[in-house]
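Each remark here refers to the structure printed beneath this line.
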Amino acid sequence: MNSPYRKECWLALTAFVVAAFLTHIYPLYFLFPKLTEMKLFGFPAHYFLTLFLGWVVLMPLYALYIRVSEKIDQQIVETSRPDAEPEVRLAAGGER
Amino acid sequence: MRRAARHALPVALGLVPAVARAADGMQTYRFQPTQSLSTLGLVYTLGMVTLFLWVGWWSKRRVSTTDDYYTAGRGIGALSNGLAMTSNYMSLATFLGFTALLWKLQFLLVAFVMSWLGGFVLISVSVAPSLRRWGKFTSMQFIGERYGSTAKIISVLCMILLAQLYLVGQMKGIGNVFQVMFHWDYTTGLVVGGIVVTLYVTIGGMYGLSYNQTLQAVIMGIALLLPTSIILWKLNAGPGAVFPPFGYTKLVPEMVAALPTYFDPFTTVSGKIPVSFKYYTGIVLSLAMGTIGLPHIAMRYFTAPSVKEGKKATLWGIFFIGLVFFTTFAIGFAAKLYTTKVLNAQGLAIDPKEADLLVVIMSQAFTPAWVAALPIAGALAAGLSTVGGLLMVIGTGIGHDIYTTLFPGADDRRKMKMGLFFTAFGGVVTILLALRPPEFLLTSVIWAYVVSASTFTPVLILGIWWKGANRAGAIAGMVVGGLLSVVLWWTKGQLFGLQLVQLGPLGHLVAAIFTASAAWFVTIVVSLVTGGEKDERILREVDRIHGWLDYDPARYNGKLFPVACAALALVLMVWSAIPTSAPPKTARSPAPAATVARR
């Protein structure tokens, strides 16, 4: 799991799933139908959560994704340079 | 609300000096812009158009290579690109159409819009970084180099199909705006608008397009935020009116009282049509996944100086797109409340055809003319920005991608000229097609997403994340996905007597639950059956576009990812075809009545 390759794959998958869920929280409507009868900040809870999670929460999480993905990108470049030490490359590559 | 009603009453009555009585006893409301509104709208529009043309001409001086023409020299900064992404994504159909659809669909439209916003993020996570590293001009070029020239040609044909579905709808909208607002002949407005956008895109290339799209985003933002704030204020929304996206809290009880189903996530069309869990899943697969494949969205990433700048632009884009989208929710909410509580109480009913102009209707009713005219300019800016983006895709796709396939030895200057020619050609063809557009184009934009999800998205994601995806699989997937997305739209989900999309009367809008799943399944299975990709040159490129400087055949070559995707796709296809059972609908039906009874 320390491999930059694995990190990249897992980050992409995780970010994809999280972004998809934050902008499509419909499972919550069906799991918790009472949300439609509750109020959050004056709006029906499900409505407010749909907008809040899909925008206000999404932005800082995406900013976090940028930071993490940049670090992984740097690791990818560093571990695959032609002049990188063999043992470092092997350790980073894991299964090779 | 009483104060707002009294204020609105004289204005509303003044807008309808003559009305036709509907069969149900309600008189049909007919919108007529005031003279001052038309005049100011025209002034704003002329000024705006002049600015666009000047930017296009000014940008021409910076164009000397194909990189300049097709990608703005890969030098568009994050903030500017974020704004350009916003207007590129926010079309006329969304600027005016969202309000109309919200008026009709209520919460379901909110779900649609959130899916579009989600798709914008998903493309930046799954596809955009690698496309940017690939370093070409379009996603069709990626498909061509990853899967071969046959796949490239098929992808360009798919691009032309979905671009035209998108474009003609926008052009028609532009013609309608000129017709209604300025009393110009539809054809004249269409031709003028079409020529303007064709000119500035053709002349300035991606430089002209990018800077104009940045300007257009600013215009759209102002044109929507200012009127909406004033409208909410006058409807007694209170201090929240200064921030429209969440500024209508105080009005919620009135809406719930007037239309109990407005916020209902389980029904749409004022509670008449149920919305199932399966339908929501169809929304994800059609709209969010469709966004990933849209060529004119992906194209913006090629203009970024680096992968990181592209991501930062996306963050700006999320902010601005959310701001504008949520403001349309606010004005749509206000429009629904106003028409339900005020106009209906006066015996006036909004005709569905008038719904597309609710933004302007509300602006004229509640704001001074100089403010009410802003949405007119904003709507046209929104239409022009998206048309421009799509024309650039067409120009690049045909002028560069196809041309270089047919004439691989062509020099840079020649390729640029061909791009210029086909960009202009695309504009002219679109104008001609829009002169007599069929009615179905009212929802053609959504159809474009279904086509995109069923053709581009699978081959892009698989081509980037799975080395095993090969030429045969990509071709088969795009052909199957493309044909199904076209056929099932027309047949409302039926094929050879089988109802493959069991999602109710609005099911065709999210048909990708079946069509895109079929494309994924076919792409993967055919690739596996034909032995996967064997060309090491291509396999090395897959590593490179992820940032690797070396090559390892084991990377992105596992079987788990494709098999899992194929299995999921198969499950979704079967699920799509399973009829929705009656009991759940029966169980949900009493809910609205119960709600009304409790109140």
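The listed protein sequences derive, respectively, from chains A and B. To convert, count from 1 in the first sequence and add 146; that's my numbering. To convert, count from 1 in the second sequence and add 338; that's my numbering. For each residue, glycine too, the CB sits at the ideal point set by N, CA and C. Note that the structure is predicted; figures quoted are calculated from it, not measured.
* Near residue 827(B), what residues of its chain come up, given a Cβ to Cβ distance below 8 angstroms and the 5 sequence neighbours on each side ignored? -> Excluding positions up to five away in sequence, the list reads 785, 788, 846, 849.
* To do: Go ahead and pull the three-state DSSP assignment for residue 908(B).
  => helix
* Cross-chain neighbours of residue 610(B) in chain A, by beta carbon under 8 angstroms -> Ordered by position in chain A, no residue passes the 8 angstroms Cβ test against residue 610(B), which lies about 18 angstroms from the chain.
* Which class does residue 891(B) belong to by DSSP, given the choice of helix, strand or coil? -> coil
* **Proximity below 8 angstroms, CB of residue 796(B) to CB of residue 815(B)** => A contact, by the Cβ cut-off of 8 angstroms.
* **Rounded C-alpha distance that separates residue 666(B) from residue 507(B)** => 19 angstroms
* Asked: Is the shortest distance between the beta-carbon of residue 201(A) and the beta-carbons of chain B less than 8 angstroms?
  -> Taking 8 angstroms as the CB threshold, residue 201(A) lines the interface with chain B.
* Asked: Does residue 214(A) come within less than 8 angstroms of chain B when only Cβ atoms are used?
  -> no
* Nearest-angstrom Cα separation, counted from residue 208(A) out to residue 654(B) -> 11 angstroms
* Asked: When the Cα atoms are used, what is the spatial distance from residue 545(B) to residue 662(B)?
  -> 24 angstroms
* **As assigned by DSSP and simplified to three states, the class of residue 361(B)** => Confidence at residue 361(B) is low in this model, with a pLDDT of 45, below 50, so the placement of that residue should be treated as unreliable; the coordinate-derived value is given next. In this structure, residue 361(B) counts as coil in the three-state DSSP scheme.
* To do: Can you tell me which of the three DSSP states residue 605(B) falls into?
  => strand
* To do: Take every Cβ of the segment 874 to 886 of chain B, pair it with every Cβ of the segment 468 to 478 of chain B, and state whether three or more of those distances are shorter than 8 angstroms.
  => yes
* Can you give the beta carbon distance from residue 717(B) to residue 372(B), rounded, assuming they're within the 8 angstroms contact cut? -> The pair is not a contact, with the Cβ atoms about 17 angstroms apart (cut-off 8 angstroms).
* Asked: Are residue 461(B) and residue 624(B) closer than 8 angstroms when you measure CB to CB?
  -> no
* Within chain B, the residues that residue 205(A) reaches when beta carbons sit closer than 9 angstroms -> 653, 656, 657, 660
* To do: Please confirm if residue 197(A) has its CB atom under 8 angstroms from at least one CB of chain B.
  => yes
* residue 453(B) versus chain A: which residues are under 8 angstroms apart at the beta carbon? -> 169, 170
* **Proximity below 8 angstroms, CB of residue 673(B) to CB of residue 476(B)** => Here residue 673(B) is not near residue 476(B), since their CB atoms are 8 angstroms or more apart.
* chain A partners of residue 449(B), CB-CB under 8 angstroms? -> Near residue 449(B) (Cβ distances below 8 angstroms), the residues of chain A are 170, 172, 196.
* Could you pull out every residue in the same chain whose Cβ sits closer than 7 angstroms to the Cβ of residue 697(B), ignoring the five residues on either side in sequence? => 434, 437, 669, 713
* For residue 569(B), which residues of its own chain have a beta-carbon under 6 angstroms away from its beta-carbon, when the five flanking residues on both sides are left out? -> For residue 569(B), same chain residues with a beta-carbon under 6 angstroms away, outside a window of 5 residues either side, are 672, 700, 704 in chain order.
* **Where the beta strand (DSSP E) containing residue 688(B) begins and where it ends** => 686 to 688
* In angstroms, rounded to a whole number, what distance separates the CA positions of residue 630(B) and residue 458(B)? -> 7 angstroms
* What's the C-alpha gap between residue 935(B) and residue 773(B)? -> Because the pLDDT of residue 935(B) is 30, which lies under 50, any placement of that residue in the model is unreliable, and the question is left without a value.
* Those residues which DSSP pairs with residue 612(B) across a bridge -> 605(B)
* To do: List the residues that DSSP assigns as beta-bridge partners of residue 743(B).
  => Residue 743(B) pairs with nothing; no bridge assigned.
* **Bridge partner(s) assigned by DSSP for residue 367(B)** => In DSSP, residue 367(B) forms a bridge with 688(B).
* Hey, is residue 510(B) close to the ligand SAM, as in C-beta under 7 angstroms from one of its heavy atoms? -> In terms of ligand content, the structure shown is empty, and the ligand SAM therefore cannot be addressed.
* In terms of alpha-carbon separation, which member of 733(B), 917(B), 388(B) lies closest to residue 944(B)? -> The displayed coordinates of chain B run from 339 to 937. Any statement about residue 944(B) would go beyond what the structure contains.
* **Three-way DSSP call (helix, strand, coil) for residue 190(A) in this model** => strand
* **DSSP state of residue 832(B) mapped onto helix, strand, coil** => In the structure shown, residue 832(B) sits in a strand (DSSP, three-state: E or B).
* For residue 360(B), collect the residues of the same chain with a Cβ closer than 8 angstroms to its Cβ; drop the 5 residues on either side in sequence, then sort them by chain order. => Below a pLDDT of 50, predicted positions are generally treated as unreliable, and residue 360(B), at 46, falls in that range; no measurement from the model is reported.
* Measure the C-alpha to C-alpha separation of residue 620(B) and residue 600(B) and round it to an integer number of angstroms. => 21 angstroms
* To do: Taking all protein chains shown into account, decide if residue 595(B) is buried (16 or more other Cβ within 10 angstroms of its Cβ) or exposed.
  => exposed
* Asked: What's the C-alpha gap between residue 731(B) and residue 917(B)?
  -> 39 angstroms
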